[in-house]
Each structure stands twice: as C-alpha cells, then as structure tokens.
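If you're matching positions, the sequence shown starts at 1 in the UniProt record's numbering and goes up one per residue. Cβ atoms here follow ideal geometry from the backbone N, Cα and C, with glycine treated the same way. For reference, the structure discussed in these notes is given below.
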Amino acid sequence: MEGNTALAICSMPWVCSYLGRGGLAYFAQNAPGCATNAAVQQGCQVLSTPEPAAQLAAAYPNPVSEVLYLRVAARFQVCDLLGRVLLQGEGASIPVATLPQGLYLVQTGPELKSSFRISKR
1 MEGNTALAIC SMPWVCSYLG RGGLAYFAQN APGCATNAAV QQGCQVLSTP EPAAQLAAAY
61 PNPVSEVLYL RVAARFQVCD LLGRVLLQGE GASIPVATLP QGLYLVQTGP ELKSSFRISK
121 R
C-alpha cells in the first residue's frame, strides 16, 4: 500500500495477523500510522495483547473526533503509541479534540488494567 495520504490506520487485526504469520507487505508514503512497514508493525505490537470482544466496544464513537464516551465512569489515561500519557482523569467522557489524528491506547479502571485502542480523526 503506497501513496495514499488518507490511509492512516493499517494496524488492523487482520493485517497484524497476516504480518505475524510472515506475510509480505509494503507500506510507503501514506499517512502516519501507515507510512512505513515499521510504523504498521509498531501499531500491531499495541494490538498484540488479546482483549475480550466486549472490551473493544467499551467506548464510543470509535473513530472519534471530539469526545469519547465510556460505558461507565472510570479512571482513564490516553497514551500515544510510544506510551506517553497525553490525557488522564476520571469520568464517563474523554475530551480528545485537542489530540492530533492517529491511534491511541486508552487505559481504564481502578488500576488502569483494562485497555483498548481508539482512532482519533
């Protein structure tokens, strides 16, 4: 996949599974997150922890542009793919409008042990 500046999310489970089985792919000149093979593989590493299907739907909308809503009020942290904490707080909504477009990891719960990824548009 190359030359598509609108293509920003490549670390989808099916892509990660394909690459994890040794599948060949070429990523270049796309939006951040899909710009290089290394960027896609880095995104896949975030996805490598198995999560229950119900946890993936723990927040909406996803992708998000302004506010992410949690199913229940909880402590949260929003981290970039390098693990840097960008937002933290407690509640049933997370204002993400100030974040740049990209993929993020949201950690929730009393000890921040539940996590899922979101796409910010």
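* Asked: Under the three-state reduction of DSSP, which class applies to residue 99: helix, strand or coil?
  -> coil
* Drop a sphere of 10 angstroms on the beta-carbon of residue 38, count the other beta-carbons inside from all chains shown, and report buried for 16 or more, exposed for fewer. => exposed
* To do: Kindly indicate which three-state DSSP category residue 60 falls into: helix, strand or coil?
  => strand
* To do: Could you work out which residue in 77, 100 and 98 is closest to residue 106 when comparing CA atoms only?
  => 77
* residue 123 bridges to which residues according to DSSP? -> Here the chain has residues from 1 to 121 only, and residue 123 is not among them.
* Can the beta-carbon of residue 102 be found closer than 7 Å to that of residue 33? -> yes
* To do: Could you give the DSSP three-state label for residue 86: helix, strand or coil?
  => strand
* Asked: What does residue 79 pair with, by DSSP beta-bridge criteria?
  -> 85 and 105
* **Host beta strand (DSSP E) of residue 11 (start-end)** => Unbroken run through residue 11: none, as it is neither H nor E.
* **Residue from 95, 30 and 26 with nearest C-alpha to residue 9** => 30
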